[in-house]
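Residues 543 to 639 in the working numbering are what the sequence shown spells out, letter by letter.
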Amino acid sequence: TSGAEGHAVTASAGGTVTINGGSVGSSGYQSVVLYADGGTIVVEDVDFAYVNGRRYGAANGGQILVSKAYSPAEPTSIAAGCAVTDNGDGYWLIAEA
Numbered sequence: 543t544s545g546a547e548g549h550a551v552t553a554s555a556g557g558t559v560t561i562n563g564g565s566v567g568s569s570g571y572q573s574v575v576l577y578a579d580g581g582t583i584v585v586e587d588v589d590f591a592y593v594n595g596r597r598y599g600a601a602n603g604g605q606i607l608v609s610k611a612y613s614p615a616e617p618t619s620i621a622a623g624c625a626v627t628d629n630g631d632g633y634w635l636i637a638e639a
């Protein structure tokens, strides 16, 4: 995506998106590449081709689960208002702080 404040991948209203490979990116001002707006995004493996804003963002109860096999270190580039915790089941959990 390339629009200002755009989202390349969005899970909303209880929906689930699973990413297992591929490449995503966003070049818009204050954009968020993976945005969970009330839904869940499960990241098994992804290549962030380009990121002008943030990699991850969550709102309205949404969550992003990032596989520790893919990202052994805590994921970085979190949108404002989000926190990363160890989900205890092999995933980092990104959700609203």
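From the three backbone atoms N, C-alpha and C, an ideal C-beta is built for every residue, glycine too.
Since we're looking at a predicted model, the values are computed, not measured.
Backbone CA spacing between Thr558 and Asp579 [nearest angstrom]: The alpha-carbon of Thr558 is positioned some 10 angstroms away from that of Asp579.
From which residue to which residue does the beta strand (DSSP E) around Ala611 run? Looking at the DSSP string, Ala611 is not in any beta strand (DSSP E), and its letter there is neither H nor E.
Every unbroken beta strand (DSSP E) inside the stretch 567-594 [3 residues or more]
574-579 and 582-593
Grouping DSSP H, G and I as helix and E and B as strand, with all else coil, what is Thr560? strand
Buried versus exposed call for Ala643 [16 or more other C-beta atoms within 10 Å across all chains shown] = Only positions 543 to 639 of the chain appear in the structure, and residue 643 is not among them; the question remains open.
Worksheet item: Helix, strand or coil for Asp628 per DSSP?
Response: In the structure shown, the three-state DSSP call for Asp628 is strand.
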